[in-house]
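This report concerns only the one structure given below.
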Amino acid sequence: MSQIKPTDVQDPKIDSLLGEQGEVIRQARQKVLRAVDTIQVQTCWQIGRHIVEFEQKGAQRAGYGKQLLALLAKDLTAQFGKGFDDRNLRYMRSFYQLFPIWNAVRSELSWTHYRRLLGVTSDKARHWYMEESANLNWSSRALDRQINTLYYERLLMSRDKADVIEEATTNIAAMKSHPREFIRDPVMLEFLGLPSAGKVRESCLEQALIDHLQGFLLELGKGFSFVARQQRISTHDVDLYIDLVFYNYLLKCFVIIDLKRGRLSARDVGQMDMYVRMYDELKRSEGDKPTVGIILCAESNDSVARYSMLKGNEQLFASSYKTILPSEEELRAELNREQALIEERQRLQSTE
1 MSQIKPTDVQ
11 DPKIDSLLGE
21 QGEVIRQARQ
31 KVLRAVDTIQ
41 VQTCWQIGRH
51 IVEFEQKGAQ
61 RAGYGKQLLA
71 LLAKDLTAQF
81 GKGFDDRNLR
91 YMRSFYQLFP
101 IWNAVRSELS
111 WTHYRRLLGV
121 TSDKARHWYM
131 EESANLNWSS
141 RALDRQINTL
151 YYERLLMSRD
161 KADVIEEATT
171 NIAAMKSHPR
181 EFIRDPVMLE
191 FLGLPSAGKV
201 RESCLEQALI
211 DHLQGFLLEL
221 GKGFSFVARQ
231 QRISTHDVDL
241 YIDLVFYNYL
251 LKCFVIIDLK
261 RGRLSARDVG
271 QMDMYVRMYD
281 ELKRSEGDKP
291 TVGIILCAES
301 NDSVARYSML
311 KGNEQLFASS
321 YKTILPSEEE
331 LRAELNREQA
341 LIEERQRLQS
351 TE
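With UniProt numbering applied, the sequence shown corresponds to residues 1 to 352, in that order.
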């Protein structure tokens, strides 16, 4: 982090004072981040321990079975937010099972580090990555990179270990970190019960459009049931958020909607295809038909609506889905109409 430099003051004593104060501030910020990291990791370890000990008490607990985490998640989420859903509780249970001795846990690492470490199947590799992350002060992004590039395995096999280490060090050095990245970490924000800053809508127009789309689909009377807004879907290394999720009980499928501002791009289409694929893998149950995605682009002059389904489901969409779902033209017309009304209301409010 660069030193503070006075712009208008030339007095060297002021330079010295600013340097000392800057260092105090930097150290204070680091202590705050480290303190939250440590408390979160310890809390997750303790929750995992309580779950494991409860499950190990034997027959009297057997009736809960697989429902235990779901029951816990329901109540904890109601009280403390998304950071304690059943998926995160599974992480916490696994965390305790892999690290049953608290003193063996490196407190220098964050919960995001440990969530990534849980995906390493080899005990030796997991322990090595943990020690290296703590000793070399790797960020969670750096750790993720090292695991994805099989750094541990390549070091074991390489005859020129110095060259492998130098390459990894150079690549990590290029991954600059900033305290703001920590504050935006969705895992940390959920633990603290705060909204994800990267997902909170910055535009009143976008929020109003989502509000209207939710009501519009429910009022169609064609089997739409509301599931969630800003629903998170996650793999071990990525968290994605979907604007609107419905289940259509006539079609027996999920319908996911993503609202974009500006023109439709190939990237938007590819992203929705990825959303549909992930939703099928993570949320679709036996008996559900393939998930369908809807991309809505709210442009200033003419909106765009586009359906997305995984390749191979085109015939199903044409023969079944199109009979129930609103057409792209209907969605586009509704988006344009509502957008014009919202913009007019905003214009009138600004002139009052």
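The beta carbon of each residue, even a glycine, is placed where N, CA and C say it ideally should be.
- Secondary-structure assignment with DSSP links Lys260 through a beta bridge to Cys297.
- Leaving aside the five residues that flank Thr38 on each side, the residues in its chain whose CB is nearer than 8 Å to its CB run, in chain order, Ser107.
- According to the DSSP secondary-structure assignment, Tyr247 is paired through a beta bridge with Ser225, Phe254.
- Remark: three or more beta-carbon pairs, one from each stretch, lie closer than 8 Å, so the region 289-299 and the region 253-260 are flagged as touching.
- Beta-bridge partners assigned by DSSP to Ile39: none are found.
- Checking the DSSP bridge columns, you'll see Tyr241 partnered with Arg232.
- Residue nearest to Glu338 within the set Ser320, Asp211, Phe224, Asp123 is Asp211 (criterion: CA-CA distance).
- Contact annotation: Leu251 and Ile324 have beta-carbon atoms nearer than 8 Å.
- Taking the CA atoms as reference points, Ala134 sits about 15 Å from Arg145.
- Here the region 81-100 lies against the region 38-48, with 3 or more beta-carbon pairs under 8 Å apart.
- Non-local beta-carbon contacts of Val41 in its own chain, meaning distances under 8 Å to residues more than five positions away in sequence, involve Val105, Ser107, Leu109, Ser110, Trp111, Tyr114 in chain order.
- Counting only the Cα atoms, Tyr151 lies some 9 Å from Ile165.
- Residue burial is scored here from C-beta neighbours: Leu89 has at least 16 other C-beta atoms within 10 angstroms and is therefore classed as buried.
- Following the DSSP letters along the chain, one finds Tyr321 in no alpha helix (DSSP H), marked with neither H nor E.
- In the three-state reduction of the DSSP assignment, Val120 falls in the coil class.
- Val36 places its beta carbon 8 Å or farther from that of Gln97.
- Taking 8 Å as the cut-off, the Cβ atoms of Met309 and Pro290 count as close.
- Considering only Gly223, Phe224, Ile242, Tyr247, the residue with the shortest C-alpha distance to Gln231 is Ile242.
- Residue state for Arg26 is assigned as helix, using DSSP reduced to three classes.
- For Ser140, the enclosing alpha helix (DSSP H) starts and ends at 140-148.
- DSSP places Arg154 inside the alpha helix (DSSP H), whose first and last residues are 151-157.
- Contact annotation, Ile256 with Val245: C-beta distance approximately 5 Å; criterion of less than 8 Å satisfied.
- Distance from the CA atom of Gly215 to the CA atom of Phe224, rounded to whole angstroms, is 10 Å.
- In this structure, Ile101 and Val120 do not form a Cβ contact; the two beta carbons are roughly 18 Å apart against a cut-off of 8 Å.
- DSSP, read as helix, strand or coil, puts Ser133 in helix.
- Per DSSP, Ser107 has no beta bridge partner at all.
- Short of 6 Å from the beta carbon of Phe99, and not among the five residues preceding or following it, lie these beta carbons of its own chain, in chain order: Val105.
- In the structure shown, the three-state DSSP call for Arg284 is coil.
- Inter-residue distance for Leu282 and Thr149 is about 25 Å (C-alpha atoms, whole angstroms).
- Exposure of Arg267 is indicated by the presence of fewer than 16 other C-beta atoms within 10 angstroms of its C-beta.
- Under the 10 Å beta carbon count, Arg159 is surrounded by fewer than 16 other beta carbons and is classified as exposed.
- When C-alpha distances from Asp239 are compared across Gly287, Leu264, Tyr275, the shortest belongs to Tyr275.
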